[in-house]
Each structure stands twice: as C-alpha cells, then as structure tokens.
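Engineer:
2 protein chains.
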Amino acid sequence: MKFKINSTFRKARAGILHTKYGKIETPVFMPVGTLGTVKGISKEILQKYNFELILANTYHLMLRPGMEVINKFGSLNKFMSWNKSILTDSGGFQIMSLGKNVKVDDEGVTFRSHLDGSLVRLNAEKSIEVQKCLDSTITMTFDECIPYPFSYSDTEVSLERSSKWTKRSLNAYKKKSGYGIFSIVQGGMYKELRKKSIEDLSSLEFDGYAIGGLAVGEGLKLMSSITDYCTSNLPTEKPRYLMGVGYPSDILEAVKNGVDMFDCVLPTRSGRTGLAFTTNGTIKIKNAKYSKDNSPLDNNCSCEICLNYSRAYLHHLVKSSEILGSVFLTQHNLFYYKKIMKIIREAIINGNLDNLKL
Amino acid sequence: MKFKINSTFRKARAGILHTKYGKIETPVFMPVGTLGTVKGISKEILQKYNFELILANTYHLMLRPGMEVINKFGSLNKFMSWNKSILTDSGGFQIMSLGKNVKVDDEGVTFRSHLDGSLVRLNAEKSIEVQKCLDSTITMTFDECIPYPFSYSDTEVSLERSSKWTKRSLNAYKKKSGYGIFSIVQGGMYKELRKKSIEDLSSLEFDGYAIGGLAVGEGLKLMSSITDYCTSNLPTEKPRYLMGVGYPSDILEAVKNGVDMFDCVLPTRSGRTGLAFTTNGTIKIKNAKYSKDNSPLDNNCSCEICLNYSRAYLHHLVKSSEILGSVFLTQHNLFYYKKIMKIIREAIINGNLDNLKL
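Keeping their order, the protein sequence lines are chains A and B. Quick note: the first sequence uses my numbering, first residue 899, plus one each step. Quick note: the second sequence uses my numbering, first residue 899, plus one each step.
1) Whole angstroms are fine: how far does the CA of residue 1231 (chain B) sit from the CA of residue 1176 (chain B)?
2) Strictly below 8 Å CB to CB, what residues from chain B border residue 1225 (chain A)?
3) So which residues of chain B does residue 1190 (chain A) contact, with C-beta pairs closer than 8 Å?
4) Nearest-angstrom Cα distance between residue 1070 (chain A) and residue 1023 (chain A)?
5) Would you report the Cα separation of residue 1150 (chain A) and residue 1256 (chain A), rounded to the nearest angstrom?
6) What are the start and end residues of the beta strand (DSSP E) that includes residue 1035 (chain A)?
7) Let me know if residue 1229 (chain B) comes out buried or exposed under the rule of 16 or more other beta-carbons within 10 Å of its beta-carbon.
8) State the start and end residues of the unbroken alpha helix (DSSP H) segment that holds residue 973 (chain B).
9) Quick one: Cα of residue 1028 (chain A) to Cα of residue 1004 (chain A), how far?
10) Closer than 8 Å, Cβ to any Cβ of chain A: which residues of the segment 972-984 of chain B, in chain order?
11) Taking beta-carbon pairs under 8 Å, can you tell me which members of the segment 915-937 of chain B lie near chain A?
12) For residue 916 (chain A), tell me which candidate among A:1204, A:1240, A:1106 has the shortest Cα-Cα distance.
13) Residues of chain A with a CB under 9 Å from the CB of residue 1101 (chain B): which are they?
14) Beta-carbon of residue 955 (chain A) versus every beta-carbon of chain B: anything under 9 Å?
15) Buried or exposed: residue 908 (chain B), going by 16 or more other Cβ atoms within 10 Å of its Cβ?
16) On the DSSP bridge list, what partners appear for residue 913 (chain A)?
17) How should residue 1084 (chain B) be labelled, buried or exposed, when 16 other C-beta atoms within 10 angstroms of its C-beta is the threshold for buried?
18) Among B:980, B:952, B:911, B:970, which one has its Cα closest to the Cα of residue 1206 (chain A)?
19) For residue 1218 (chain A), decide whether its Cβ has a neighbour in chain C, counting only Cβ atoms nearer than 9 Å.
20) List the residues of chain B whose Cβ lies closer than 9 Å to the Cβ of residue 963 (chain A), in chain order.
21) Leaving aside the five residues before and after residue 1114 (chain A) along the sequence, list all residues of the same chain whose C-beta is less than 6 Å from its C-beta, in chain order.
22) For residue 1156 (chain B) and residue 1243 (chain B), what's the separation of their Cα atoms in angstroms?
23) In this structure, does DSSP put residue 1024 (chain A) in helix, strand or coil?
24) Which residues in the same chain as residue 1056 (chain B) place their Cβ atom closer than 6 Å to its Cβ, once the five residues preceding and following it in sequence are excluded?
25) So the candidates are B:1172, B:1254, B:1234; which of them puts its Cα closest to the Cα of residue 1217 (chain B)?
26) Taking DSSP as the reference, what is the three-state secondary structure of residue 1093 (chain B)?
27) Under the criterion of a Cβ to heavy atom distance below 8 Å, does residue 1035 (chain A) qualify as lining the ligand COA?
28) Hey, does residue 1206 (chain B) have any beta-carbon neighbour from chain A nearer than 9 Å?
29) When the Cβ atoms of the segment 962-971 of chain A are set against those of the segment 1187-1197 of chain A, are three or more pairs found closer than 8 Å?
30) By Cβ distance below 7 Å, which residues in the same chain neighbour residue 904 (chain A) in space, the five residues on each side in sequence not counted?
31) With 9 Å set as the bound, which would you pick, yes or no: does the beta-carbon of residue 1243 (chain B) sit closer than that to a beta-carbon of chain A?
32) My assumption, with CB atoms under 8 Å, is that residue 1079 (chain B) sits in contact with residue 1091 (chain B). Please give the rounded CB distance.
33) When you compare only the Cα positions, how much space is there between residue 868 (chain B) and residue 927 (chain B)?
34) Could you tell me which uninterrupted alpha helix (DSSP H) segments, each at least 4 residues in length, are contained entirely in the segment 924-1010 of chain B, listed from first to last along the chain?
35) Beta carbon of residue 1165 (chain A), beta carbon of residue 925 (chain A): below 9 Å?
36) Nearest by alpha-carbon distance to residue 880 (chain B): which of B:1011, B:987, B:988, B:1179 is it?
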C-alpha cells in the first residue's frame, strides 16, 4: 500500500492512497458497513458515488456470519461482492462498548457474544487472524479502548497494554503488496501519553496511523486539540485516520489539523432516523412542516433523490415507516458526504481551505 | 383507454392495454404500491424491469398523506415521481378488512382510521373523488366486499348494494382519454349471483371488469371454477382483472381461464420475510442450510441479485435484519414475477400454454 501527498495547505493534505483495488483520494470518508453491508445502500450506488473504501467490523463479522463462512468465499470482498477497498476495525472498540460483559486481562479480552451470550476470546493474534480471513485491505491493530473521563494513571496502564498488543498485532500480520496495517494512537486526553503512544508506534513499520479514543464525549475543543497534537507528532508521509468522526464541520476541522481519513455512522444512521444533511443544515424530515413541501431535500444537490423526490414525499415515506424512506435519505446523505469530501479536497489543492465553511 | 387482444389460446388472451402513459402488455402483474411506494423498490428498478402498471390504495392514501397533500402535487404520479400507469383500489376491500371498526349502511361505510382512530366516511362518490384527485389511470368502482363463507341470502343482499354503488361510482366518474374505470364482479361463491352481477355491470359502460371476492380462503378449485364461470360470461373485448391473485401457479391457471390482469403482495411481502421465488420452487433464505451456500438464489435467473450475490450472503443479510435483505429479495421476486408473465404471454402467442408449468 502506498500513500502520496499531492498537495498541502498549512497542515491539511490532499493525497492518494494506492491499494490493490486502485486509488483512493484523500481526505476520504468511509461509509460504515459493519456487517458487510452499508445499511440500505447497494454497491451499485456506492460505486456510482465513487466510494473506493468502506469500513467493516471484525467483532461483528467474526460472530456473524463467522469466519467459517467467509473462509468458504475467500474474502469479505467476495462474500459481499465488493471489489473496492475495505478497512476493518480490529474489534477493540466494539468489545469495550459491551461494558459489563467484558473481562480484560494482559493477554486479551473475554466477552459474551451479543447474539447468543456465548463466551468469546479475542486478542491481538486472533484479531489479525480474523482480519486476514476477511482479507481486509487495511488491517487495524488490536488495542484497548478506554472510556471518557479516565484518570491519568489508568490511562497510562491501559496505554502500556495497548502498545504491547499493537506490537503483537504487527508480529502476527503478514505484509502483502496492495494491503496495509494501521496502528492506533491512544493515550486519552493526556498529551504526554499521546506522545508516548506515538513514540511507541512510530518506531514500528505501519502503513498508517489512526487516532483512537476521541469523539467519546470530550467536546470539540478538546478533540481538536488532541488531534492537532497527534498529527504534529505523527510521521508526515503516512496517512492519518481519525476514528468515528463525524459531523461535516468536525471533519473539516480535523482535515485542517492534518487528518486524511474518517469513518462515521452519521450519514447512514441519520438516514434511517429521518435526518438529512443539506447545504443549509440538517433537516428532520418527519417534521410536519415538510408534509406539503414540494421542494427537494437540498436545492443545491444533484443526487437522484433530490432530482426525483420532494420533501413531502420523503416525509410521507418516513412517517409511514416505508423502507424507501430510510434508503433514500441514506443515499442522499452519503452523496452529501462524498460531495463535501470533494469540496474539502479541492479547497486544499486550490489553497482556499480557510474560506470553506460546512 | 383501449384494449386490444393480439393473440388467444383457448380462453387465454395476449393483449395490449393502451393508457395515457403508454402500452401495457397483458397478461400483466401489478406490483402493489399501497402507500404510493412499492415497498423496498425504487422506480428505477421498476422501470428497468419494465413494469408499466402498479397498484395503489384509495383507502390508505386518503388517510396518509391525505388528499390535501396529493392535491398540491396534482396527482399520485407526480407525488411519487412515477410516470407510468397506476390502478387504484376503491377502498372497499381494505375497509371491510377492518372488521368491527366498520359500519355499513345502504349509502356507504363509516370506519375508524387505523392510524388515529378518527371516524371517516366513504361511499361511491367519495371514492371516485379521491381516485380523481390521485389522477388514477384506472379507477375502480366502490363496492361491498364480503367474507367467506357467506350465505346465499346475505350475498344476494350485499350484491344488490354493490350493484347500486357501482352505478353511483360510474355516475360520479368523468371519462378522460387515456384513463379508464373498471367495475368489480361480486356474488361470492354462487354462480347464479355472479351471473346477476355480470348482467348488472355489462349493461353499463366500463373499460374493464375485475373479479372480486376470490382468494379469500375458498381454495384453488372453487376459485378456478368461479373465475372460469365469470370470464365465460364477461364481455370478450374488455380486460379482466382477478383481484389479489396470487401464486405463480394460480396466475397461470387464471390466465388459462381468460384473465388478463393480476395484483398481489406475494412477491413484495415475501421478499420482506425472506421467501424467494425461483424456477425450482420457493426458498426460505433464513434456513441454516443456506448459510454457506455460494450459489445464487436461482441459477436460471439473470436479475442483478442473482448475478451478484450468493444465498449465503442473502441469508446473512436477512438473518441480520439488514435492510438490503428485504430489498434484494423483493427485487429478485419482482423480476421473477415479471419473467413468468412474459413466459406466459409468449406461451399464449406461441400456442404452447398447455405445456407450461410454474
């Protein structure tokens, strides 16, 4: 896997990530396809909108459909019929979010499946093995995710564990041309620990660096400050991925801080709950004021939904819990996200990122 | 609206229905779009699969979104962005299925909305008015639907009422070029009453005749017998529509009995519950035996779903309650129904309908 930065504007970068499936322009937003499907959106639409990279989840996929099934197909790509890149989360974040049902020890984690309650063990080697089975284009190292707020000393202990797991992940990973492995910077809200994390990781051979443990309730200012601190200390020539972010304005801020990659459930989950992103802000389509509104979701949008359907019709679909209500809003939202990523990229190249507002 | 029969084989007919939106080849299957949306399927797919006529429901649409909204758009076609023909059910069947919440008198029916419990009145004139507001390509007359079994004398009383409502419906309807109005043959399981119904209706100027009150639990043999009896007495030159039917084999049987038009929720509803129609029978995709099956739903099918996805992947989507599970199975099922209608039509034209099995 190769990464080339074509253009910069202050800390912001416009680049291209080359994988076995082709080129991915950065900054890039990855639609979330947890279970091997971007909820409600067929691959035809994703391809039409030029999404080159989606995210899937190790934790969810190892439980369902399970690796025996994926093995039979040879890869998650073949199973889901997707011939573009896939980045897989290592499972750490999902497991930690199970709360009481998880036991963490120095070697790994034991948890109860949210599907059948069975006990499952996951550690660095197993996570990498699952991601190998999925044939993930970009593998993430396995680490421990901490809640917010979290004390300095607890964060320090957790970071030490994460750094060890990260090294074990890398040792278990076999490099292949066109594929890559990213490690994850942790250290909570403590810059000193973030620095230590970056030092631990930078000494090893990774294809990119994720910034984890943010967007967990710390607020935009602190998130931006930690992001800025991390990118200032991370290797310049490798892609940076801010996990789980976010709102268009957060993405813009993070790009200005030197981040190249993003994922978030917002455009898809919002689509399923009747929230649409537009150039004039978000719209709650269930609101009664849209019931007779014959204008499109967004007058400045050229997606099929805005070209074909009115707010009134979408209001009717969503109010009636029709499948197409979810499908159409998700489709529009993904188109919107793709569009703003293009606008951001062009603003970097054209040197007018300062004037851009989202 | 014009109807031309191009070819016949015994009682079966291959024809073309001409409406303001173009040609509709018969025998035709109408996907059900109750609320102004064929559940889970965008118009792009319907158009790609050459569906020229869908069904929508007066009862549901008058409650939601309501005629005030449709009025603003000028037609259901414009509201839902569909530029092909629409047949609308008159509301009678849906209202009767509300059971205890309905009061029928000689003038019309009063019922409680299933949405907010409010009292609503519907009669022949109102049903035609709503269908006019929807700008239905094919309007259905308003009648009383009866349960099964139902006594001769009760059926006779109901039929008399239905015949009066039918005349009132026709009086309230304004003819327009490219549009049409169908009446509905009632009379339960009594041929004598069916004959009376047909005599009542045939004396009036309708563009087509529906056969109502069947597929209500009477069994295939009785349904076929009544259908056969009705078509033998209906005018030859007008299209016949068997309401709410059905399984592919039922459709084939009814075509042999001289029916031209069909609607049923089967392909769409089955799609949402994990049942797929294939050339080798139906498949319950949730069945564990499909969890690792890398063959398509139907080896003889060329729909996008069968060309792209395995049974194992569809099993995974449906088991995980993913939106695309419903969407993909519905899409395949509609493709299948469209295909069998084409096969049936060609078999009529080629004179080998006797050899066809579905």
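Quick reminder that beta carbons are idealized off the backbone N, C-alpha and C, glycines included.
Structural biologist: A quick look at the data gives this:
1) 8 Å
2) 938, 940, 1221, 1225
3) 966, 967, 970
4) 6 Å
5) 7 Å
6) From DSSP, residue 1035 (chain A) is part of no beta strand (DSSP E); its letter is neither H nor E.
7) buried
8) Element bounds for residue 973 (chain B): n/a, residue is neither H nor E.
9) 20 Å
10) 977, 978, 979
11) 933, 934, 935, 937
12) A:1106
13) Against chain A, the beta carbon of residue 1101 (chain B) has no neighbour under 9 Å; the closest one sits roughly 40 Å away.
14) With its beta carbon at least 9 Å from every one in chain B, residue 955 (chain A) lies outside the interface.
15) exposed
16) A:903, A:924
17) Result: buried.
18) B:980
19) Absent here is chain C; the protein component of the structure consists of chains A and B.
20) Near residue 963 (chain A) (Cβ distances below 9 Å), the residues of chain B are 1189, 1190, 1210, 1211, 1213, 1214, 1217, 1218.
21) 1046
22) 12 Å
23) helix
24) 1042, 1044
25) B:1172
26) helix
27) This structure lacks the ligand COA, and indeed carries no ligand of any kind.
28) Yes, its Cβ sits closer than 9 Å to a Cβ of chain A.
29) no
30) Around residue 904 (chain A), the same chain offers 912, 913, 914 as residues with beta carbons nearer than 7 Å, after the five sequence neighbours per side are excluded.
31) Not one chain A Cβ lies under 9 Å of residue 1243 (chain B).
32) Actually they do not touch by this definition, with Cβ atoms about 22 Å apart.
33) Examination of residue 868 (chain B) is not possible in this model, given that chain B is present from 899 through 1256 alone.
34) Correct list: 941-946, 956-961, 965-971, 974-978, 990-994.
35) no
36) Look at the range of chain B in this structure, 899 to 1256, and you will see that residue 880 (chain B) is not part of it.
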